[in-house]
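Asks: Encoded as structure tokens, here's the structure I'll be asking about.
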Amino acid sequence: MSGALLAGAVVGPVQAQDRLAQLEERLERLERILENQALMEMLNRVEGMDQDLRDLRGESDALRHELETVKTRQRDLYLDVDQRLERLERAGPGRQASETPAESQAPSGQQALVDPQAAGDDRQAYQEAFNLLREGRHRRSIEAFQGFLENHPDSPLAANAQYWLAEAFYVTRDFDQALKEFARVLDEHPGSNKEVDARLKKGFTHYELGQWDAAREQLTQVRDEHPGTTVARLAEQRLARLAERAD
4 MSGALLAGAV VGPVQAQDRL AQLEERLERL ERILENQALM EMLNRVEGMD
54 QDLRDLRGES DALRHELETV KTRQRDLYLD VDQRLERLER AGPGRQASET
104 PAESQAPSGQ QALVDPQAAG DDRQAYQEAF NLLREGRHRR SIEAFQGFLE
154 NHPDSPLAAN AQYWLAEAFY VTRDFDQALK EFARVLDEHP GSNKEVDARL
204 KKGFTHYELG QWDAAREQLT QVRDEHPGTT VARLAEQRLA RLAERAD
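Here is the structure:
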């Protein structure tokens, strides 16, 4: 009797220990499962973030390409508008449409018409500089126009070269330098066929620099002194934008 009781007393704790060991093992398995699930969830989140990052990079590359395309189109349109401006301004009353303008600009794919009185060397140098600008090689065109003005300061094409030098700075958004170069067109070539265009673009440049009063002064002068012209219309449009800012 006492032996049976002793055996039962021994077996009880052993069974309890075995059961406890089993429970601990099951608990460890559950913990490992939970840890694996948490790890998988974390890995899935990381993979999702990697995919999002790749998508964002793809969108960024696409936007960058689109921006470059827009810049190219803007430059081509810009040159074309300036050519039209000069032709309209030079084709005043009594001037026959068949007459060849002395100096004009050309959009992409065309030659810039130049003064037939210009010597061969300066005419070629001017055309080369203009072609660089038309092709979007702005820094090279700046150097070329600066070289032209240094070597041919008295050329009939000097006013045009000075104007396009200013334009090259404008399209590269170097507005401080562009403002100086447009001012030189007005100061050094008064009465030239680029004077009105330079004053208009001087107003545009003041606008880009946030110099609202100076922009308004230049644009108002263009609008009032050249009513009914394309430059007056462009000046009026920019003045309207100035008015919207003031509201």
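All you need for the numbering used here is the position in the sequence shown, starting with 1, plus 3. Glycine residues also receive a C-beta, built at the ideal position from the N, C-alpha and C atoms. All values derive from a computational prediction rather than experimental measurement.
1. Rounded to whole angstroms, what's the CA-CA distance from Gly206 to Leu160? Just pull it up for me.
2. Just mark Lys183 as buried or exposed, buried being the case when its beta carbon has 16 or more other beta carbons within 10 Å.
3. What is the DSSP secondary structure of Ser195, reduced to helix, strand or coil?
4. What is the DSSP secondary structure of Gly139, reduced to helix, strand or coil?
5. Here's a check: name, in chain order, each residue in its chain whose Cβ is nearer than 7 Å to the Cβ of Ala147, leaving out the five neighbours to either side.
6. Tell me whether Gly213 sits in a helix, a strand or coil according to DSSP, three-state version.
7. Assuming contact is defined by CB atoms lying nearer than 8 Å, are Tyr210 and Arg236 in contact in what I supplied?
8. Going by C-alpha to C-alpha distance, which of Arg29, Glu191, Ala201 and Asp55 sits closest to Val225?
9. Please go through the same chain and pick out, in chain order, the residues whose beta-carbon is closer than 8 Å to the beta-carbon of Leu152, but skip the five residues on each side of it.
10. Nearest-angstrom Cα distance between His192 and Gln149?
11. Should Ala243 go down as buried or exposed, given a rule of 16 or more other Cβ atoms within 10 Å for buried?
12. Quick one: does Asp125 have its CB under 8 Å from some CB of chain C?
13. So, Ile145 versus Phe185, is the Cβ gap smaller than 8 Å?
14. List the endpoints of the continuous alpha helix (DSSP H) containing Leu242.
15. Between Leu23 and Arg29, what straight-line distance do the alpha-carbon atoms span, to the nearest angstrom?
Replies: To lay it out plainly:
1. Position 203 of the sequence shown, counted from the first residue, corresponds to residue 206. Position 157 of the sequence shown, counted from the first residue, corresponds to residue 160. About 23 Å.
2. Residue 183 sits at position 180 when you count from the first residue of the sequence shown. Exposed, because fewer than 16 other Cβ atoms sit within 10 Å of the Cβ of Lys183.
3. Position 192 of the sequence shown, counted from the start, is the residue given in the question as residue 195. Coil at Ser195, not helix or strand.
4. Position 136 of the sequence shown, counted from the first residue, corresponds to residue 139. Three-state DSSP puts Gly139 in coil, outside helix and strand.
5. Against the sequence shown, residue 147 aligns to sequence position 144. Result list for Ala147: Glu131, Ala132 and Leu135, in chain order.
6. Counted from its first residue, the sequence shown places residue 213 at position 210. Three-state DSSP puts Gly213 in coil, outside helix and strand.
7. Position 207 of the sequence shown, counting from 1, holds the residue named residue 210. Position 233 of the sequence shown, counting from 1, holds the residue named residue 236. Their beta carbons are not under 8 Å apart, which means Tyr210 does not touch Arg236 by this criterion.
8. Translated into the one-based positions of the sequence shown, residue 225 becomes position 222. Closest option to Val225, Cα to Cα, is Ala201.
9. Residue 152 sits at position 149 when you count from the first residue of the sequence shown. Result list for Leu152: Ala161, Ala164, Gln165 and Leu168, in chain order.
10. By one-based count along the sequence shown, residue 192 stands at place 189. By one-based count along the sequence shown, residue 149 stands at place 146. Each residue's Cα considered, the two are about 16 Å apart.
11. Within the sequence shown, residue 243 is the residue found at index 240, counting from 1. Exposed, by the Cβ-count rule.
12. Judged by its chain identifiers, the structure shown contains no chain C, having just a single protein chain.
13. Taking the first residue of the sequence shown as 1, we reach residue 145 at position 142. Taking the first residue of the sequence shown as 1, we reach residue 185 at position 182. Against a cut-off of 8 Å, the Cβ pair of Phe185 and Ile145 comes out as no contact.
14. Within the sequence shown, numbered from 1, the residue matching residue 242 stands at position 239. From DSSP, the alpha helix (DSSP H) with Leu242 extends over Thr233 to Ala249.
15. Within the sequence shown, the letter at position 20 stands for residue 23. Within the sequence shown, the letter at position 26 stands for residue 29. In a straight line, the C-alpha of Leu23 is about 10 Å away from that of Arg29.
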